[in-house]
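**Student:**
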Amino acid sequence: MPRSALVLCVLALAPAALPAQRPDSLSENVRKYVAFDTSAVALTHVLVLDGTGAAPAADQTILIRNGMIAEVGPAGRVTVPEGVKTMDLGGRTVIPGLVGLHDHLFYTAAGGRAVQMSFTGPRLYLASGVTTIRTAGSRNTYAEINLRDAINQGLAPGPRIHLTAPYITGKAGGGSMDVVTSPEEARRFVAYWASEGASWIKAYTDIGRAELGAAIKEAHKRGMKVTGHLCSVSFQEAVNLGIDNLEHGMLTASDFDPSKQPDVCPVTLVGRNNTVDPRSDVARATIQAMVKRGVSMTSTLAVYEPFVANRPTQEPRVLNAMAPEVRASYLQVRHEIDSTGTGPITIEGLKSAMAFEREFVEAGGNLAAGVDPTGMGGALAGYGDQRNYELFIEAGFAPAQAIRIMSLNGAKVLGVAKDLGSVERGKRADLVVLEGDLTADPTVIEKPSTVFKDGVAYDPAKLIASVEGRVGID
Ligand SMILES: [Zn+2]
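When we follow our numbering, the leftmost residue of the sequence shown carries the number 20, and every step to the right adds one.
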């Protein structure tokens with residue numbers, strides 16, 4: 020192949036940086052959720068947690084122009100040009116648009132519910148301040164391709180979507196996943212989904228090492244990346260095979276079981292991992308292997324929490340968003356767990372998972388986050404991403420660190436950190452205005468009053484009103 024053609028192929032595979040979406044390109048279906056329409060806005064007197072992990076900065080001015088962050092700095096150093104719409108945000112906080120790495124566009128819940136959420140998902144994500152998602156495994160990939168295109172074309176409201184292929188797993192798996200039983204099948208699967216525009220592959224709990232290794236090689240050859248919710252393959256084995264990202268953290272790591280057979284997922288994994296030591300030699304070796312090879316980890320604490328007894332998992336806004344039957348099934352399961360006092364995950368297990376994530380970050384690991392709107396259905400799209408922030412604070416992370424995990428670190432995993440993920444001059448104006456001081460009260464993360472995506476100001480209240488009682492239907 021001539022050299023010029025090769026360069027073109029590589030360029031074609033790089034994540035496509037779309038131009039910033041302008042309000043006049045949006046359909047009426049999207050415009051009805053736009054709070055105001057102007058190409059230049061100044062946010063003044065606001066507390067900024069910029070996503071880089073830098074200390075929170077008070078009394079900042081942010082100038083948005085044509086969908087980009089034109090200036091950001093202390094009041095007095097950034098001058099607001101005359102005639103520009105100004106929002107005085109004294110007492111409020113601005114954070115970057117969140118990057119959700121385990122943000123599926125389907126929802127599974129108590130009572131056996133499993134639905135594609137092309138309607139409620141994108142609205143809840145955007146309303147909650149999540150402006151970029153990676154779908155981390157799909158069940159109806161064409162619904163997600165079409166949704167991504169509709170959002171990019173201004174036909175539907177929602178976040179930017181990084182598409183993940185359907186799941187691949189091994190013989191003991193099934194359901195909606197591709198059961199891959201040879202390296203050749205794995206390569207064929209990856210090649211097909213690369214040609215359909217997926218940028219990520221998601222490996223699941225029963226995949227074999229040979230198949231996972233083949234999938235990773237083929238994906239890298241095609242400019243794609245691979246993540247996994249693993250079990251049959253341990254974290255350290257996956258790192259050695261060249262995986263890019265590992266989902267869920269300590270509770271799904273099979274590295275801790277000395278009796279584990281190769282390529283087999285121990286059925287007792289989660290129960291066992293409730294009692295493992297996040298500072299043991301095995302934990303340290305697992306973390307070291309990931310850090311050394313630059314393998315990032317995705318925290319999904321919000322999906323675990325409802326499996327733990329007596330946790331604050333019945334927020335009215337979450338229950339209101341659910342369809343009535345979904346709400347009833349969810350509350351029934353919650354009641355069973357709380358009344359027996361023990362769930363499948365113990366409070367010790369949850370605390371250990373938190374400690375493992377802190378150890379990973381302290382060792383230099385790149386920790387990102389996502390909601391995973393599955394499990395028993397208590398972690399909803401967007402709301403669960405926000406709940407992750409509160410759980411990170413409970414885990415002992417500082418506010419600026421927690422925001423970094425939820426924004427810039429995710430953008431790094433996706434390879435888009437030059438373009439978004441932090442409140443810095445020259446980046447896309449993906450910004451969330453929160454009603455209050457986030458450093459004083461973690462629940463302020465639940466109160467976005469304006470969400471900017473590409474500088475377009477969306478009204479979260481209108482988006483949320485459009486999905487009430489509908490989660491679990493579509
Ligand atoms: Zn998942």
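We treat Cβ as the ideally placed atom computed from N, Cα and C, and that holds for glycine. This one's a predicted model, so the numbers in the text were calculated from it and none came from an experiment.
Check whether the Cβ atoms of P461 and V451 lie closer than 8 Å to each other.
**Tutor:** Contact flag unset, no.
**Student:** Have a look at V337 and V390 and give me their C-alpha separation to the nearest angstrom.
**Tutor:** Roughly 14 Å separates the two Cα atoms.
**Student:** Anything with a beta carbon under 6 Å from a heavy atom of ligand 1 counts; list them all in chain order.
**Tutor:** H121, H123, A155, G156, H248, D391 and T393
**Student:** Across which residues does DSSP place I151 in a beta bridge pair?
**Tutor:** The displayed chain sequence assigns Thr, not Ile, to residue 151. V118 and R179, per the DSSP bridge assignment.
**Student:** In terms of residues, what are the limits of the alpha helix (DSSP H) holding K236?
**Tutor:** DSSP places K236 inside the alpha helix (DSSP H), whose first and last residues are R228 to K240.
**Student:** Quick one: is P479 buried, meaning 16 or more other Cβ sit within 10 Å of its Cβ, or exposed?
**Tutor:** buried
**Student:** Quick one: which unbroken beta strand (DSSP E) runs of 3-plus residues sit fully inside the segment 307-394? Chain order, please.
**Tutor:** 315-318 and 386-388
**Student:** Suppose you measure from the CA of M316 to the CA of G396; what does that come to, to the nearest Å?
**Tutor:** 22 Å
**Student:** Could you tell me which residues DSSP pairs with M269 in its beta bridges?
**Tutor:** Answer by DSSP bridge pairing: none, since M269 is not bridged.
**Student:** Let me check one thing: in DSSP terms, what residues is M106 bridge-paired to?
**Tutor:** Bridge partners of M106: L62.
**Student:** Out of F471, M425 and D43, which has the shortest C-alpha to C-alpha gap to G403?
**Tutor:** M425
**Student:** Tell me the residue span of the alpha helix (DSSP H) that contains Y144.
**Tutor:** Counting along the chain, Y144 sits inside the alpha helix (DSSP H) bounded by residues T139 to A146.
**Student:** If I follow the unbroken alpha helix (DSSP H) through G290, where does it start and stop?
**Tutor:** L288 to N292
**Student:** Please check the pair R111 and E454, which I expect to be a contact at CB under 8 Å, by giving their CB distance rounded to whole angstroms.
**Tutor:** Indeed, because the Cβ distance is near 6 Å, the residues count as touching under 8 Å.
**Student:** Apply the 10 Å Cβ neighbour rule to S318 and answer buried if 16 or more other Cβ atoms are within range, or exposed otherwise.
**Tutor:** buried
**Student:** How long is the line joining the alpha carbons of F125 and L82, rounded to whole angstroms?
**Tutor:** 36 Å
**Student:** So, helix, strand or coil for P418, using DSSP?
**Tutor:** In the structure shown, P418 sits in a helix (DSSP, three-state: H, G or I).
**Student:** Taking V286 as the reference, which of A347, T365, M196 and A191 has the closest Cα?
**Tutor:** A191
**Student:** Could you say which of L68, A61 and P202 lies nearest to A459 if we only look at CA atoms?
**Tutor:** L68
**Student:** Is it true that the CB of R228 sits closer than 8 Å to the CB of L260?
**Tutor:** The Cβ atoms of L260 and R228 sit closer than 8 Å to each other.
**Student:** Below 6 Å CB to CB, which residues in the same chain sit around A175 once its five sequence neighbours on both sides are set aside?
**Tutor:** A169
**Student:** Tell whether a beta-carbon distance below 8 Å holds between A222 and A234.
**Tutor:** yes
**Student:** Per DSSP, what kind of secondary structure is M425 in: helix, strand or coil?
**Tutor:** helix
**Student:** Going by beta carbon distance, what residues of the same chain come within less than 6 Å of T151, once the five residues before and after it are set aside?
**Tutor:** Cβ neighbours of T151 within its own chain (closer than 6 Å, five residues either side excluded): V118, P178 and R179.
**Student:** Pop quiz: F254 and M309 are said to be a contact at Cβ under 8 Å. What is the actual Cβ separation, rounded to whole angstroms?
**Tutor:** 7 Å
**Student:** Is L25 helix, strand or coil when you go by DSSP?
**Tutor:** Here the model assigns L25 a pLDDT of 44, short of 50, so the residue's position is not dependable and the matter cannot be decided.
**Student:** Quick test of the definition: if touching needs 3 or more C-beta pairs under 8 Å, does the segment 265-272 touch the segment 238-247?
**Tutor:** yes
**Student:** Counting C-beta neighbours from all protein chains within 10 Å, is the total for D473 16 or more, i.e. buried, or is it exposed?
**Tutor:** buried
**Student:** Per DSSP, which residues does L453 bridge with? Please list them.
**Tutor:** T112 and P467.
**Student:** Ligand 3 and G189: does the residue's C-beta get closer than 7 Å to at least one heavy atom of that ligand?
**Tutor:** With respect to small molecules bound, the structure shown includes ligand 1 and not ligand 3.
**Student:** DSSP state of P93, grouped into three classes?
**Tutor:** strand
**Student:** Tell me the rounded alpha-carbon separation between M20 and K240.
**Tutor:** Reliability fails at M20, whose pLDDT of 37 lies under 50, so the model's placement of it is uncertain and the value that follows must be treated cautiously. Straight through space, the alpha carbons of K240 and M20 are spaced by roughly 15 Å.
**Student:** Between the Cα of V97 and those of G70, T224 and V65, spot the shortest distance and give me the residue it belongs to.
**Tutor:** V65
**Student:** Which residues in the same chain have their Cβ closer than 7 Å to the Cβ of Q420, if we skip the five residues on either side of it in sequence?
**Tutor:** G72
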